[in-house]
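Data first, discussion second: the structure below is written as C-alpha cells.
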Amino acid sequence: MTGGDAPGRPLPARTIGPITRTDVVRYAGAGGDLNPVHHDDEAARAAGAPGAFAMGLLPGGLVAQTIAEWVGADAIRTLRLRFTGRVWPGDVLRVEGQLADPPGGGAAPRGERLRELRAVARRPDGEAVLEARATVRASAPAGSGD
Amino acid sequence: MAEVAVGALLDETEMVVERGQVRAFARALGAETEDPAALPTFLVAALLWRDEPQEEAYRRAGLDIARLVHGEVAWEYLRPLRLGDVLTVRRRLAARERKAGRRGGAMTFATIEAVFADAAGREVARQRDVVIEVPA
C-alpha cells in the first residue's frame with residue numbers, strides 16, 4: 080500500500096453554497112457564459128423553466144475546486160462532470176467523494192500510478208445534481224512500494 | 019448558414035492565459051489564486067475570446083441554444099496551464115444524433131470536442147462537451 084490513499088478511501092465531505100444569483104452573474108462574467116436562462120427569469124420561463132438556474136459549470140467548477148483541495152490540482156489527469164439536475168439560486172450542496180483503484184490497475188502512459196476519484200454533489204433533499212469522475216496521480220511515485 | 023457535417027471544424031479561437039482573467043475566474047469559484055493550473059475548469063473561459071456570440075457556433079452545429087441542456091463536460095490535461103500561454107482552440111462537432119423525445123418532438127445529442135494547443139503547436143488539453151437539444 081502507498082499509505083494515505085487506500086482503495087475506496089472516503090474523502091472529507093464539503094458543503095458548497097448557498098449559490099446566489101450574484102454568484103451566477105459573477106461566474107457568467109468570469110467564464111463567458113451569457114446564456115440568459117442563467118440570469119434572466121423571463122428567458123428561463125420562455126425556455127420552459129420556472130426561473131433562472133445556474134449554469135452546470137458553476138457547481139461543476141466548485142466541485143472541481145473541491146477535488147483540487149482533496150488531491151492537489153496538479154495530480155488531476157482527467158476530469159468528467161455530468162450534470163444530472165438543475166441548481167437553483169439558494170441551493171446548498173453537499174459534496175462527497177472517494178478514491179479507489181481504477182479498473183485495469185492504474186497503469187498510465189507516463190508511468191504514473193493512477194487512482195480513480197468519484198464525487199457526487201447533492202441537494203439537501205438527496206437529489207444528485209452533479210457527478211464527477213477523475214483520474215488522479217497516486218500520491219506516491221510509481222514503483223515506490225506496494 | 020447551413021448546418022455543418024459531423025467532423026467539421028466549428029471555430030478556431032486564440033486564447034491568452036492572462037493573470038486578471040485567471041484571478042476573476044478563481045474568485046467566481048471562491049478561490050484565491052493567480053495560477054491557472056490550480057483551476058481545473060479554467061479552459062471554459064475560452065468563451066471570452068471568441069469573436070462571435072456563443073449561439074453562432076451552436077447554430078452551425080444545427081443546435082438552438084435556447085433549447086440546449088449541458089449534459090456533461092470532460093477534460094484531459096496534458097500539461098499544466100501557465101500564465102502567458104497563448105493557446106489555439108479548435109472545436110469540432112464530433113457527433114450528432116437525433117432521437118424521438120419521450121413526449122414527442124426530436125431530441126438531438128451532440129458532442130463537441132476542443133483541442134487546446136500552445137504556441138509551439140503542442141497539445142495542452144482536450145475538452146469534450148455533450149449537449150442535448152430538447153424539443154420546443
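The listed protein sequences derive, respectively, from chains A and B.
Just so you know, this note's numbering puts 220 at position 141 of the first sequence, and the rest follows in order with no gaps.
Just so you know, this note's numbering puts 93 at position 75 of the second sequence, and the rest follows in order with no gaps.
All C-beta atoms in this analysis are idealised placements derived from N, C-alpha and C, irrespective of residue type, glycine included.
Using beta carbons (cut-off 8 Å, strictly below), is B:Leu66 in contact with chain E? Of the protein chains in this structure, namely A and B, none is chain E.
CB-CB under 7 Å to B:Asp69, same chain, minus the five flanking residues each way: which ones, in chain order? none
Mind checking whether B:Arg120 and B:Leu27 have CB atoms under 8 Å apart? The answer is no: Cβ separation not under 8 Å.
Once the 5 residues before and after A:Ala207 are set aside, which same chain residues still bring their CB inside 6 Å of it? Thr163, Val199 and Arg201
Could you compute how far the alpha carbon of B:Val104 sits from the alpha carbon of B:Arg144? 15 Å
Show which residues of chain B have a CB atom less than 8 Å away from the CB atom of A:Asp112. Ordered by position in chain B, the residues that pass the 8 Å Cβ test against A:Asp112 are Val62, Leu65 and Gln72.
Please classify A:Arg93: does DSSP put it in a helix, a strand, or coil? strand
Using a C-beta to C-beta distance shorter than 8 Å, which residues of chain B count as neighbours of A:Ile146? Residues of chain B passing the Cβ test: Pro58.
Taking DSSP as the reference, what is the three-state secondary structure of B:Arg41? helix
Just checking: is the beta-carbon of A:Ile98 within a distance shorter than 8 Å of some beta-carbon in chain B? A:Ile98 is outside the set of residues whose beta carbon lies under 8 Å from a beta carbon in chain B.
For A:Ala143, return the contacting residues in chain B, with the cut-off set at a CB-CB distance below 7 Å. Result: Pro58 and Thr59.
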